[in-house]
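Structure first, commentary second.
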Amino acid sequence: MHSDRARAEVGDACDLASRFPDAAGVISLFGLQQLPQAHLTLANWVSTLAPGGMLAVTFWPSQVEQQGPWQRLADLSTNKPKASAKSSHKQSVKAIHWEEQLPEVALKEGGMLLADEQPTFAMRWRSIEEFWQVMTEAGPWHARLLQMGNDHMALLRQQFMAGYPCPEHGPIEHFPHARLIMIQQSLAAL
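Numbered according to the numbering used here, the sequence shown terminates at residue 1553, and the numbering increases by one at each position without gaps.
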């Protein structure tokens, strides 16, 4: 996309400051949680802003709901053999660690925090079966399917569906929350 007022770029999202100094704004929708060292990436994004520039970031935190299908997926991820459970626990601690550093690390780049909220979204699916298909064929568990294979995913599907007595019936509704951070670069920024 290109216009006189805005453009979308494809490239390394972890380092915008070296490619786009003095940006009027940075917007990220549900991508930050996929980047390595997300807290440092957020700081980089703030540093690329021109004085008065705005950053708006929405991402899925490590826990998005207390109950519901996403929490069930998370629970299945932690119910692994001992060796994998340790690795999963380390990843979970690592995820929580970077989330706790937001937005403080980014504010060191001269920004002012305008919002740090957890908006809730109603999500509706025709059935729990549809939810599973979307998550594994085109969603966040597709990588797991590619890595672990069909047999592993068939076992996980069986375990997942065991929590829903009539998986073909629906609809289902759940209310995950995201995290929204908005930062404005200081007018006195260099």
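For every residue, glycine included, the Cβ atom is placed at its ideal position computed from N, Cα and C.
In this structure, what does DSSP give as the bridge partners for residue i?
i	result
Phe1422	Arg1542
Val1331	There is no way to answer for residue 1331, as the model of the chain reaches only from 1364 to 1553.
His1537	Met1486
Glu1480	Leu1543
Gly1474	Gln1548
Leu1412	Ala1386
Thr1368	The amino acid occupying residue 1368 in the given sequence is Arg; Thr does not appear at that position. Beta-bridge pairing links Arg1368 to no other residue.
Could you check whether residue j and residue i sit closer than 8 Å to each other, using their CB atoms as the reference points?
i	j	result
Glu1531	Met1486	no
Thr1411	Ala1376	no
Leu1465	His1402	yes
Thr1483	Phe1538	yes
Leu1543	Glu1462	no
Trp1504	Leu1398	no
Pro1432	Ser1490	no
Thr1499	Leu1509	no
If contacts are defined as beta-carbon pairs under 8 Å, then residue i and residue j qualify, I think. What distance do you get, rounded to the angstrom?
i	j	result
Trp1423	Phe1393	6 Å
Trp1408	Val1389	5 Å
Leu1395	Leu1405	7 Å
### Query
Do the region 1502-1521 and the region 1463-1472 touch if we need at least three Cβ pairs shorter than 8 Å?
Result no; under three Cβ-Cβ pairs closer than 8 Å.
### Query
Touch check for the region 1414-1434 and the region 1540-1549: three-plus C-beta pairs under 8 Å?
Touching, yes, given that three or more Cβ pairs across the two stretches are closer than 8 Å.
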